[in-house]
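S.K.: Numbering (UniProt numbering), first residue to last: 1 to 124. Each residue gets a CB set at the ideal place from its N, CA and C atoms; glycine is no exception. Computed from a predicted structure; not experimentally measured.
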Ligand SMILES: [Zn+2]
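1) Going by beta carbon distance, what residues of the same chain come within less than 6 Å of residue 98, once the five residues before and after it are set aside?
2) Would you say the beta carbon of residue 63 comes nearer than 7 Å to a heavy atom of ligand 1?
3) Measuring straight from C-alpha to C-alpha, what distance separates residue 17 and residue 42?
4) Does the distance from the C-beta atom of residue 35 to that of residue 67 stay below 8 Å?
5) Hey, residue 103 and residue 96: beta-carbon distance below 8 Å or not?
6) Who are the Cβ neighbours of residue 82 in its own chain at under 8 Å, not counting the five residues just before and after it?
7) Throw me the rounded Cβ distance for the residue 56 and residue 29 pair, which I believe falls under 8 Å.
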């Protein structure tokens, strides 16, 4: 029998990571793929979906039923490897990737990188 006694609860503001499976579906848009720029948002999801939207930043076009399609995280990771480091972030997180420091928010709160983390060293 496995005991979780001694297992640390996540600290407030440090939610548990939620690792998806690469075959899970995700939403994307029909904008031409820019490998360095993307908007990522994780919606609440069940065990079948990843909850992820990964597409353009929506500045030049509307995201509607006509411009969105379902794909797999695998396809998205192949076309935009830059997203891979963020895929375990939990629901309600958004990441704006482009030139410069990625903007990571959870709900409306801006999150910062731990100074000693990889991202902290890259963009701190
Ligand atoms: Zn788009």
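M.R.: In short, the structure shows the following:
1) The sequence position of residue 98 within the chain shown is 98, counting from 1. 37, listed in sequence order.
2) By 1-based counting over the chain shown, the position of residue 63 is 63. At least one heavy atom of ligand 1 is nearer than 7 Å to the Cβ of residue 63, so yes.
3) If you number the chain shown from 1, residue 17 lands on position 17. If you number the chain shown from 1, residue 42 lands on position 42. Approximately 12 Å between the Cα atoms of the pair.
4) Counting from one through the chain shown, the residue named residue 35 turns up at place 35. Counting from one through the chain shown, the residue named residue 67 turns up at place 67. Not a contact, by the Cβ cut-off of 8 Å.
5) Here residue 103 refers to the residue found at position 103 of the chain shown. Here residue 96 refers to the residue found at position 96 of the chain shown. Their beta carbons are under 8 Å apart, which means residue 103 touches residue 96 by this criterion.
6) Locating residue 82 in the chain shown gives position 82, where the first residue counts as 1. Only 35, 36, 38 and 97 meet the Cβ criterion.
7) To locate residue 56, count along the chain shown from 1; it is residue 56. To locate residue 29, count along the chain shown from 1; it is residue 29. Confirmed, Cβ separation roughly 6 Å.
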